[in-house]
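All remarks here apply to the structure that follows.
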Amino acid sequence: MRKIVSILLLLFLSYPLFSQLVIHQVDSSKFPEVTLFVSGEKLELEEIEIMEAGSTAEIISIKTEAQEKKKPVDIVFVVDNSGTMYDKVQIVIEKLGDLVRLLHENGYDARFAVLGFGTEVNKEFVVTGGSRFTSSPEKTIERLKETIQYPGGKDECQIHALWIASNYDFRKDASKILILLTDEDTTQNKLNEVAKPKLVENIIKRNLTVFTLRYDPDPVYEELAKLSGGQVLSFKSEFFEEALKRLFTFAEYYSTVTYISPLSYPLVTFSEPNQLILKNMLTGSQVSVNYMIPERSDVKLSILEINKNSFPDIDVKVIIESTDKYILENINVFEDGIPVGTTEPRLVSEKLVNFVDVVFVLDTTGSMTQELNGMVENLIEFSNILENYGVLARVGLVTFGDEIRLTADLTPSFEKIRRLLQSQTADGGGDVPEISLDALNEALNMNFLDNSQKILILITDASPHIEGDGTKFSSTTIEETRKKILASGATLILVVPSNKEEFVRLSEDIPGQLLDIHSAKSFGELIKFVAKQITRQYDIHYTTSNLEPNTEREVIVSYGLTWDSKVYLSPELVTSSQTTPTAVVSDFEINSFTAKPFVVEPGGIVTLRCLTYPEDGLVFNWSAESGTFVEFRNNTAKWVAPDVPGYYSVFVIVSDGSVKKVAEVVVLVSDKSPYD
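Positions in the sequence shown are counted from 1; adding 17 to them yields this note's numbering.
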């Protein structure tokens, strides 16, 4: 956290009511989390309000300390020493000398620098070691006296002088303050126009605060004050001494206030100035300041998929690389630019969900020995990570080189797949490209559950063979494979050489990630990282107000300036959504799970019923290996059997909000009567 001095610059404003609060710095580097450094009145969490763009911000924390807690401060006096300022500066020297001595006597860690200017910068000082600053009150006063002896000329270069001072060697943890004293405006000297954008850049980059004591008004002074959190003090020559007394007064308290801005993309974009208003509701005092919104945020998020099956209820699955409750509580969702009311993001593992079907698509050629061994050694750890987060997973496997070598369909037994991997040998693959695209297509043919989250994990160190590349190995292209994966709704995690352009093209618009196979210290660590990424998936739910069928909608999920977007097509018909719990129970049992009829012809309707004790306060989620659910009513559901005869498992997951239990029933789909 940047620090702020507790004694400083309570300014004489136009309205005495506002004179008790000063915002010295605004730290927006973690936007939308913003931290203010404030001096003046004692602030209490329940008694302050922060507004931005007419909306109230959520205050996370406030810490208020008395003046005895002293913080470092670096002050540069930027002094106009032109002829018209000479008489005024005599008084300035006396009053500034008193300030310097007072800071020193009260034990403040304060350093001072002095710069003089007129038509150009004409006086600067350097102490031993090359620093512009001194902590000696005597040397500071000597420098001020020496500066005003120089005849500075006319057409002053105030902004140019501030820019020069803004490059001084401020301490990183100090409050950085520029105090400009001048009686002229900035319009007469072209150096000011050139220096202004460079000064603004330094104010933002170095968190400088600019205070101006001036005679002639100039909107540039006001602009710099708003940008930096400083103030402008006007004076008349006869009231100059009184103005200085008001400029420097001790603040009884200083506070650090952290809040979450109510603004996020697309309502704001980076590098925009944003006004905040801080109010003390107890005293009526308020202060406002502009701050710059930064370009980047440390939080990363991406949209994996948009589920519209229960339209107009929409479920958005996202990866958010954070568990911070304040971040999760301030995720914003927009549909076609309009904010929508959402549920707070919930970890997939904490929410009632269907199965996750994971298929490893693994290159087992000679160069992949380390990766194959890493898979064997870490697959069980991979499953343990998922299980620890409550993810119900099945796993499948496709191995390949210049041909498909092994296909193992999805199974809940990770140990079975581990044994299959153990039987594999990494060999062959004479030419460098391998048929990874064909292997992905093979993976898409697996027996995925209809409502499962499908995840394909491709692991290879070679570029892909492509149909038409002069060999007969591959029968597909990047575009064909990309479209099939998109149509399947699968998430694609690529563990590949990140510099291969083919994989970058393949991953376009597909939910997932591209990870460099050579980036981790060991392949085992990379596999564990992938497992943890799966567990960082969150579900966000909202209900769209636009019921028009067959229309494209852009969904934006954002936190501050971090955002991602995807487009979905609204369906022709609106389907019913499952019920939500009316109460939470402490424990429950599944007494029975039945299918009626349990033998059904292709396309027939089966009524599913799950009986529990107690009956109330539970949520039911339904899934099946195939077929379609057409109705949900609390503990019952209707399922349309698939057209292909066979035995099909149907599952129900029951939860009271903290405990999940799973039941299964098998239905026979047959063309023949069960009595034949």
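No residue lacks a Cβ here, since even glycine has one placed at the ideal position from N, Cα and C.
Computed from a prediction, not measured in an experiment: that's the story for all the values here.
Inclusion of P290 and F351 in the CB contact set at 8 Å is not warranted, their separation being larger than that value. Taking 8 Å as the cut-off, the beta carbon of I474 is found closer than this to the beta carbon of V547. Under DSSP, I320 shares a beta bridge with V335. Rounded to the nearest whole angstrom, the CA to CA distance from N206 to H177 is 9 Å. Per DSSP, the continuous beta strand (DSSP E) segment holding Q42 begins and ends at 38 to 47. For F637, the closest C-alpha among the options Y576, E542, K613, F605 is that of F605. Annotation for L225: the continuous beta strand (DSSP E) segment containing it runs 225 to 231. In the DSSP annotation of this structure, the continuous segment of the alpha helix (DSSP H) that includes Q175 starts and ends at 175 to 183. Of all C-beta pairs linking the stretch 38 to 56 to the stretch 212 to 229, three or more are shorter than 8 Å, placing the two stretches in contact. Per DSSP, the beta bridge partners of E75 are I277. About 6 Å separates the Cβ atoms of P362 and I337, confirming a contact at the 8 Å cut-off. Judged by DSSP secondary structure, E159 falls within the alpha helix (DSSP H) whose first and last residues are 154 to 165. DSSP places T560 in the uninterrupted beta strand (DSSP E) bounded by 554 to 560. By the Cβ-count criterion, I622 is exposed, with fewer than 16 other Cβ atoms from all chains shown falling within 10 Å of its own Cβ. Contiguous beta strand (DSSP E) elements confined to the stretch 604 to 683 occur at 606 to 613, 622 to 630, 636 to 641, 645 to 650, 653 to 657, 663 to 672, taking only those with 3 or more residues.
Per DSSP, the unbroken beta strand (DSSP E) holding Q530 starts and ends at 529 to 533.
Residue burial is scored here from C-beta neighbours: Q248 has at least 16 other C-beta atoms within 10 angstroms and is therefore classed as buried.
A548 sits in a helix when the DSSP states are folded into three classes. With a threshold of 16 other beta carbon atoms within 10 Å, D419 meets it and is buried.
When C-alpha distances from V408 are compared across S281, K215, V616, F372, the shortest belongs to F372. Its Cα nearest to that of Y559, the residue N349 stands out among N349, I220, F377, D526.
If you look at L427, you'll find it in the beta strand (DSSP E) that goes 421 to 428. The C-beta of L564 has fewer than 16 other C-beta atoms within 10 Å across all chains shown, which makes the residue exposed.
In chain order, L628 place their CB closer than 6 Å to the CB of S609, counting only its own chain and leaving out the 5 sequence neighbours on each side. Segment contact: the stretch 59 to 67 against the stretch 95 to 114, fewer than three CB-CB distances shorter than 8 Å; contact not assigned. For R499, the uninterrupted alpha helix (DSSP H) run begins and ends at 495 to 505, by DSSP.
At a Cβ-Cβ threshold of 8 Å, I76 and S272 do not count as neighbours. From the listed residues C174, K471, L685, the smallest Cα separation to V237 is found for C174. Here the stretch 101 to 121 does not lie against the stretch 212 to 222, with fewer than 3 beta-carbon pairs under 8 Å apart.
If you check the CB distance, K545 and E346 do not come in under 8 Å.
Just measuring C-alpha positions, the residue of L532, A641, V138 sitting nearest A680 is A641. Per DSSP, V237 is one residue of the alpha helix (DSSP H) stretching across 236 to 245.
Annotation: V682 to N462 spans about 24 Å, alpha carbon to alpha carbon.
DSSP places S56 in the uninterrupted beta strand (DSSP E) bounded by 50 to 57. Ranked by how close their Cα comes to the Cα of R188, the residues S480, E518, S152, T204 have S152 in first place.
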